[in-house]
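One line per chain: the protein sequences are A and B, in this order. The first sequence begins at 70 in my numbering and counts up one residue at a time. The second sequence begins at 70 in my numbering and counts up one residue at a time. For every residue, glycine included, the Cβ atom is placed at its ideal position computed from N, Cα and C. Have a look at the structure below, then the notes.
There are 2 protein chains.
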Amino acid sequence: MNPTRIWTAALVVIGDEILSGRTQDKNIAQLAAWLNVQGIRLAEVRVVADDMAAIAEAVTTLDSRNDYVFTTGGIGPTHDDITVDAIAAAFGLAVEVHPQARAILEEYYATRGGLNEARLRMARVPAGAELIENRISGAPGIRLGTIFIMAGVPHIAGQMLDALTGTLEGGLPVRSTTLGCWVAESEVADILRETERTHDGCQIGSYPFFREGRVGANFVVRSTDQTRLDACVAALADALAGAGHQTVPGGV
Amino acid sequence: MNPTRIWTAALVVIGDEILSGRTQDKNIAQLAAWLNVQGIRLAEVRVVADDMAAIAEAVTTLDSRNDYVFTTGGIGPTHDDITVDAIAAAFGLAVEVHPQARAILEEYYATRGGLNEARLRMARVPAGAELIENRISGAPGIRLGTIFIMAGVPHIAGQMLDALTGTLEGGLPVRSTTLGCWVAESEVADILRETERTHDGCQIGSYPFFREGRVGANFVVRSTDQTRLDACVAALADALAGAGHQTVPGGV
Chain A
70 MNPTRIWTAA LVVIGDEILS GRTQDKNIAQ LAAWLNVQGI RLAEVRVVAD DMAAIAEAVT
130 TLDSRNDYVF TTGGIGPTHD DITVDAIAAA FGLAVEVHPQ ARAILEEYYA TRGGLNEARL
190 RMARVPAGAE LIENRISGAP GIRLGTIFIM AGVPHIAGQM LDALTGTLEG GLPVRSTTLG
250 CWVAESEVAD ILRETERTHD GCQIGSYPFF REGRVGANFV VRSTDQTRLD ACVAALADAL
310 AGAGHQTVPG GV
Chain B
70 MNPTRIWTAA LVVIGDEILS GRTQDKNIAQ LAAWLNVQGI RLAEVRVVAD DMAAIAEAVT
130 TLDSRNDYVF TTGGIGPTHD DITVDAIAAA FGLAVEVHPQ ARAILEEYYA TRGGLNEARL
190 RMARVPAGAE LIENRISGAP GIRLGTIFIM AGVPHIAGQM LDALTGTLEG GLPVRSTTLG
250 CWVAESEVAD ILRETERTHD GCQIGSYPFF REGRVGANFV VRSTDQTRLD ACVAALADAL
310 AGAGHQTVPG GV
């Protein structure tokens, strides 16, 4: 492993339900947290409608500039589930019924009314794709090289990520430490900037809040190097204390 | 107003905190719901890092193919707040201190420690931009033609949307009606597809769930025409009832 190589992933969230405001997306945060542990950085996300051209454009663009692309949504049994067709078309691949997926669905639906035509749609994959296990609802996810096609329902997508844990090559995981402080971030912006500037390989994020009638902020320091991270956090705590602002490890 | 014209908007969510999984985005759903009422469709969303080039690419691309572009995040006082600089650079504009924004911040911070250099950053706008009122925390949002630069904190962004309510030209609002049903969507996929196919101007979304040990789904019918919407909903309820599945108006 090359420790300086940064591995990146992108996510395409597919679904009119997100763009209409009906459903609050939870897959961005879920995937981001999972990727951190794999040593892969979530570099960009797009949310697109249930539209062949929009899905194809997003997936091909993001595939060309990231190590991995994940999609969520649009792999169910209904007419608005077009993710497989859109991705296959985008890469000039046929769509075929995956024999193992068909077998999984036959078994799953044996006691649930049988495998009808709509349900069989969930066994369709771009030619050459592999399956991603789904222990919850039968219908598997799909892996097409570095593209991972997952369910939109967050707990099913989460199961698919579990099945992928440890199977993707990544770099060093991003570590982070949070310092909380009851101060307006605008009072200490210079300290944040200077501390980041003098600590290579560390980024400092500032997340202000207003709570119990007081302003405060959590400062999150991120690095792939624990030693550098610890040094940056210590320097930040010292600088803030020097300006009269005590910090709370772990955040407030 | 041309009732057949569809007005679209895009959203660029800016911030490492979303891509790191630290913060769950709430602005996509909030903006989508607000846009529906304005008769504007949220067509696409991108989430990008605190990176000048990434912000510029997203804003210019989405601006070229939508009526409006909204951004959230990156307009605070700290070093990672670069949205204004990125958008100004993308359009070849200078960044200048807006006199009214400066006056607002001077008043706001008069009793809060005074207007320092970091806080003055929040008065910076791309040349020629107007302000969007922010009743909560002083620092205004920014309107640059059809681009709306808003705060990342959801309740502040919500206040800025309130200030914009009724000021953007749009088309007919999208209306929707939900029917709930304790049925696996895969059992009734044919009914959904046929009902949508035979009702022009209506879209049917299917949102399955697993709850209390049973599967079910909510079917959401959307249209800009109330008469067509009602006819489609009635036809869907009839077709489902004919197949032995009673529906619950409003959803389950």
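Would you be able to state if there are at least three C-beta pairs under 8 Å between the region 252-265 of chain B and the region 215-234 of chain B? no
Q) What number of angstroms, rounded off, separates the C-alpha of PHE139/A from the C-alpha of ASP150/A? A) Here the question's residue 139/A lines up with position 70 in the first sequence. Here the question's residue 150/A lines up with position 81 in the first sequence. Taking the straight line joining both Cα atoms gives about 16 Å.
Members of the region 81-97 of chain A that neighbour chain B once the beta carbon cut-off is set at 9 Å: VAL82, GLY84, ASP85, GLU86, ILE87, LEU88, SER89, GLY90, ARG91, THR92, GLN93, ASP94, LYS95 and ILE97
Contact check, LEU162/A vs VAL81/A under 8 Å by CB: the rounded distance? As a first step, residue 162/A is located in the first sequence; it is residue number 93 there, counting from the start. As a first step, residue 81/A is located in the first sequence; it is residue number 12 there, counting from the start. LEU162/A to VAL81/A, Cβ: 17 Å. No contact.
Pull up the CB-CB distance for VAL114/A and ILE124/A, whole angstroms please, since I reckon it's below 8 Å.
As a position in the first sequence, residue 114/A is number 45, starting the count at 1. As a position in the first sequence, residue 124/A is number 55, starting the count at 1. Wrong, their Cβ atoms sit about 14 Å apart, outside the cutoff.
Practice task
Output the distance between the C-alpha atoms of ILE273/B and ALA303/A, rounded to the nearest integer angstrom.
Solution key: The residue you call residue 273/B lines up with position 204 of the second sequence. The residue you call residue 303/A lines up with position 234 of the first sequence. Each residue's alpha carbon lies about 55 Å from the other.
With distances taken Cα to Cα, identify the nearest neighbour of THR246/A among GLY311/A, LEU200/A and SER275/A.
Taking the first sequence and counting its residues from 1, the one referred to as residue 246/A is at position 177. The candidate whose alpha carbon is nearest that of THR246/A is SER275/A.
Quick check on the burial criterion: 16 or more other C-beta atoms within 10 angstroms. Buried or exposed for GLU254/A? As a position in the first sequence, residue 254/A is number 185, starting the count at 1. Buried, since its Cβ has 16 or more Cβ neighbours within 10 Å.
Exercise. Write down the C-beta distance between ARG193/B and VAL164/B rounded to the nearest angstrom, noting that I regard them as a contact closer than 8 Å.
Key: Translated into the one-based positions of the second sequence, residue 193/B becomes position 124. Translated into the one-based positions of the second sequence, residue 164/B becomes position 95. Rounded, the Cβ-Cβ distance is 5 Å, consistent with contact.
Quick check on DSSP: helix, strand or coil for THR140/A?
Counting from 1 along the first sequence, the entry for residue 140/A is found at position 71. In the structure shown, THR140/A sits in a strand (DSSP, three-state: E or B).
### Query
Any heavy atom of the ligand ZN within a distance shorter than 7 Å of the CB on GLN99/A?
As for the ligand ZN, it is missing from this structure, which has no ligand bound.
Exercise for review: Please list, in chain order, all residues of the same chain as GLY270/A whose beta carbon is under 8 Å from its beta carbon, the five residues on each side excluded.
Suggested key: The residue given as residue 270/A occupies position 201 in the first sequence. Same-chain partners within the cutoff: SER292, THR293, ASP294 and ARG297.
Point to revise | Entirely enclosed beta strand (DSSP E) segments - the region 195-233 of chain A, minimum 3 residues | key: 199-201, 210-213 and 216-219
Check your understanding: Assuming THR77/B contacts ASP136/B under a Cβ cut-off of 8 Å, what Cβ separation, rounded to an integer in Å, is found between them?
Key -> The residue given as residue 77/B occupies position 8 in the second sequence. The residue given as residue 136/B occupies position 67 in the second sequence. Correct: roughly 6 Å between the Cβ atoms.
Whole angstroms are fine: how far does the CA of ALA170/B sit from the CA of ASP154/A?
The residue labelled residue 154/A in the question sits at position 85 within the first sequence. The residue labelled residue 170/B in the question sits at position 101 within the second sequence. Computed Cα separation, rounded: 50 Å.
Margin query: Using 8 Å as the threshold, is the C-beta distance between ASN203/B and PRO209/B below it?
Written below: Reading the second sequence from its first residue, position 134 is the one you call residue 203/B. Reading the second sequence from its first residue, position 140 is the one you call residue 209/B. Taking 8 Å as the Cβ cut-off, ASN203/B and PRO209/B qualify as a contacting pair.
message: Considering just the uninterrupted stretch of the alpha helix (DSSP H) at CYS301/A, what are its terminal residues?
response: The count along the first sequence starts at 1 and reaches residue 301/A at position 232. First-last of the alpha helix (DSSP H) with CYS301/A: 295-311.
- prompt: For GLY145/A versus ILE83/A, is the C-beta distance shorter than 8 Å?
  reply: As a position in the first sequence, residue 145/A is number 76, starting the count at 1. As a position in the first sequence, residue 83/A is number 14, starting the count at 1. No; because the gap between Cβ atoms is not below 8 Å, this pair is not in contact.
request  = Determine the contact status of ASP94/B and ILE97/A, defining contact as a CB-CB distance below 8 Å.
outcome  = Along the second sequence, read from residue 1 onward, the residue named residue 94/B stands at position 25. Along the first sequence, read from residue 1 onward, the residue named residue 97/A stands at position 28. Result yes, Cβ atoms of ASP94/B and ILE97/A sit closer than 8 Å.
Ranges of the alpha helix (DSSP H) found wholly within the region 172-198 of chain A, counting only runs of at least 4: 186-189
Separation of ALA159/B from SER133/B, as counted between CA atoms: One-based indexing of the second sequence puts residue 133/B at position 64. One-based indexing of the second sequence puts residue 159/B at position 90. Roughly 12 Å separates the two Cα atoms.
Checklist entry - Where are the alpha helix (DSSP H) runs, 4 residues long or more, that stay fully inside the region 108-172 of chain A, in chain order? => result 121-134 and 152-159
Contact set for THR152/B: own chain, Cβ-Cβ below 8 Å, skip 5 residues either direction | Translated into the one-based positions of the second sequence, residue 152/B becomes position 83. These residues qualify, in order along the chain: ILE83, ILE124, THR140, GLY142, GLY143, ILE144 and ILE218.
**Request:** Indicate whether at least one CB of chain B lies closer than 8 Å to the CB of SER133/A.
**Result:** Residue numbering aside, residue 133/A sits at position 64 when the first sequence is read from its first letter. Judged by the 8 Å Cβ criterion, SER133/A is not in contact with chain B.
Query - Where ASP259/B meets chain A, residues with beta-carbon distance less than 8 Å - result: Reading the second sequence from its first residue, position 190 is the one you call residue 259/B. Chain A residues near ASP259/B: GLU186 and ALA187.
### Message
Using a Cβ-Cβ cutoff of less than 7 Å, which residues in the same chain neighbour ALA306/A once the five nearest sequence positions on both sides are dropped?
### Response
Taking the first sequence and counting its residues from 1, the one referred to as residue 306/A is at position 237. Correct list, in chain order: LEU248 and THR316.
Exercise for the section: Can you tell me which of GLY90/A, SER206/A and GLU175/A puts its alpha carbon nearest to the alpha carbon of GLN228/A? Expected result: By 1-based counting over the first sequence, the position of residue 228/A is 159. Among GLY90/A, SER206/A and GLU175/A, the Cα nearest to that of GLN228/A is on SER206/A.
Worksheet item: Going straight from the alpha carbon of GLY183/B to that of VAL284/A, what length do you get?
Response: On the second sequence, position 114 is the one that residue 183/B refers to. On the first sequence, position 215 is the one that residue 284/A refers to. Answer to the nearest angstrom: the Cα atoms are 15 Å apart.
With C-beta atoms as the reference, is HIS314/B less than 8 Å away from VAL252/B?
In the second sequence, the residue the question calls residue 314/B occupies position 245. In the second sequence, the residue the question calls residue 252/B occupies position 183. Yes, the pair counts as a contact, with Cβ atoms nearer than the cut-off.
The alpha helix (DSSP H) with ILE87/B in it runs from where to where? Counted from its first residue, the second sequence places residue 87/B at position 18. Start and end: 85-88.
Worksheet item: At least one CB of chain B closer than 8 Å to the CB of THR147/A: is that the case?
Response: On the first sequence, position 78 is the one that residue 147/A refers to. Answer yes: the Cβ-Cβ gap between THR147/A and chain B drops below 8 Å somewhere.
Report task. Report yes if the CB atom of ARG266/B is closer than 8 Å to the CB atom of VAL289/A, and no otherwise. Result -> Indexing the second sequence from 1 puts residue 266/B at position 197. Indexing the first sequence from 1 puts residue 289/A at position 220. It is not a contact, given that the beta carbons lie outside the stated cut-off.
* Reduced DSSP category for TRP251/A - H, G, I as helix; E, B as strand; rest coil -> Here residue 251/A is taken as the residue at index 182 of the first sequence, counted from 1. Correct three-state label for TRP251/A: coil.
- Query: If you compare alpha carbons, which of GLU86/B, ARG190/B and ALA172/B is closest to GLU256/A?
  - Reply: As a position in the first sequence, residue 256/A is number 187, starting the count at 1. The residue with the shortest Cα to Cα distance from GLU256/A is ARG190/B.
Contact with chain A by ALA304/B, beta-carbon distance below 8 Å: For the purposes of this step, residue 304/B is identified with residue 235 of the second sequence, where counting begins at 1. So, not an interface residue.
- Interface flag, SER292/B vs chain A, CB-CB below 8 Å: The residue given as residue 292/B occupies position 223 in the second sequence. So no, SER292/B is outside the interface.
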